[in-house]
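In what follows, a structure is listed as structure tokens, so that the remarks can point back to it.
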Amino acid sequence: MAVTCCRKCKSHGQSLVDFNLDGNGKTSEKPSDQAFRENISHRTQFHFPIPGYTEQEKYGAELGYWPLVQTPGVAYIINTDKQYTTYDEISDALLNGEVTGALIDTYVLGSRKDLFEIPSLRLIKIYDYSTAYGVALGGDARKLRRCFRKYVQGHKKKIFQAIEEHVEFVKESPVPLAVERSTGLFDSESAMYKTIISLSSVLLLVFLTAGVMWELARRLKIRRTVATERDRLKLLVHNTRSDMSRTVEDFTVRIKALVEDLKAKHAKERLTLLNRLKSIPRTGRKYSTTLGNRSSTRNNLFTRINAS
């Protein structure tokens, strides 16, 4: 548009719009809205995007203004405690719960879906508020405002096609929030359904792991109990054997002592009997024997009785 209006002249030659550097020789893309506004001056001829109105002609006291693109929304957030300078900060504030809502320009929502098209955020309502994104004209560029008007009137179709190619428009959902959330629970393609399935899978895995660990601990405890019972039985058998061995040894000792006592008593009784037999007087006997015509008399031999 600027090149079409300026064309080629003998004084300046071919017109060219530098989108990389500003009038101060620094990068034209600014990190925040505040930095963008602080660099608006006559050194840079074109400043875009500048929020304004469709009938606005000036920006500030010195700069000109041309409403290039009409927008149905306005981008600001109501928070007196903190000022947000980037859309990333607004998205983080919504996700962290610092704020419960934000008024965002529809062009921003369409071009920055990575920040605002999140399952936990929802577009509640679109407000019909006629504003525009325009160009603040500084320096000699202020003279181009009328030419810009003619260019826009003659190239509306081309401008809208360029907007449609680079910006995705958003629409307010006709379904109530409660119905949308409940319906999303059973829609396999919805983000909420996928989130619930993922969380359920993780919880199921956690419960299965806990169950396996509990079962292993229970079986280990049973094994330890069985091992303890076996050790107790082994100890009982060992103690029983020891007690029985001591009992048998004591019995053997008593039997041996009794046998020795009986032997001593028996020997004493035999000795007593032998002494009694020795004290009895002993006499001889005479026997007569007839052999043919012979008659002989033999004296009986004394016999000695030995007590056994």
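The sequence shown begins at 1 in the UniProt record's numbering and counts up one residue at a time. Where a beta carbon is used, it is the ideal one built from N, C-alpha and C, also for glycine. Values in this document were obtained by computation on a predicted structure and should not be read as measured data.
Which listed residue (the options) has its alpha carbon closest to that of residue i
i       : options                           : result
Asp-88  : Asp-140, Glu-117, Tyr-65          : Glu-117
Ile-50  : Ser-15, Asp-105, Thr-100          : Asp-105
Ala-61  : Leu-137, Val-99, Leu-115, Ser-198 : Leu-137
Ser-15  : Leu-144, Asn-24, Leu-123          : Leu-144
Gly-64  : Cys-147, Leu-115, Gly-97          : Cys-147
Ile-124 : Thr-85, Gly-101, Ala-141          : Gly-101
His-42  : Leu-274, Thr-228, Tyr-59, Gly-52  : Tyr-59
Gly-25  : Asn-39, Leu-103, Ala-162          : Asn-39
Lys-30  : Gly-13, Val-202, Thr-85, His-155  : Thr-85
Residues that DSSP places opposite residue i in a beta bridge
i      : result
His-47 : Ala-136
Gly-64 : Lys-58, Leu-137
Thr-27 : Leu-21
Environment of residue i [buried if 16+ CB atoms lie within 10 Å]
i           : result
Val-17      : exposed
Gln-45      : buried
Asp-81      : exposed
His-47      : buried
Tyr-287     : Confidence at Tyr-287 is low in this model, with a pLDDT of 49, below 50, so its placement is unreliable and the value that follows should be read with caution. Answer is exposed; the Cβ neighbour count stays below 16.
Asp-261     : exposed
Val-135     : buried
Ser-91      : buried
Pro-67      : buried
Phe-251     : exposed
residue 371 : As displayed, the chain neither begins before 1 nor continues past 308, which places residue 371 out of reach and without an answer.
Val-259     : exposed
Leu-94      : buried
Ala-141     : buried
Ala-75      : Unreliable positioning characterises Ala-75 in this predicted model, as indicated by a pLDDT of 47, which lies under 50. The coordinate reading is nonetheless provided below. With 16 or more other Cβ atoms within 10 Å, it is buried.
Leu-271     : exposed
Asp-22      : buried
Leu-109     : buried
Gly-154     : exposed
Gly-52      : buried
Leu-103     : exposed
Leu-236     : exposed
Leu-204     : exposed
Ile-305     : Unreliable positioning characterises Ile-305 in this predicted model, as indicated by a pLDDT of 42, which lies under 50. The coordinate reading is nonetheless provided below. The residue is exposed, with fewer than 16 neighbouring Cβ atoms inside 10 Å.
Leu-233     : exposed
Phe-19      : exposed
Leu-273     : exposed
Leu-220     : exposed
Leu-115     : buried
Opening and closing residue of the alpha helix (DSSP H) in which residue i lies
i       : result
Arg-145 : 145-154
His-37  : It should be pointed out that residue 37 corresponds to Arg in this sequence rather than to His. Looking at the DSSP string, the run of the alpha helix (DSSP H) that includes Arg-37 is 33-38.
Ser-91  : 87-96
Residue-level contact to chain C via CB, residue i, 8 Å cutoff
i       : result
Ala-102 : This model lacks chain C altogether, as it is built from one protein chain only.
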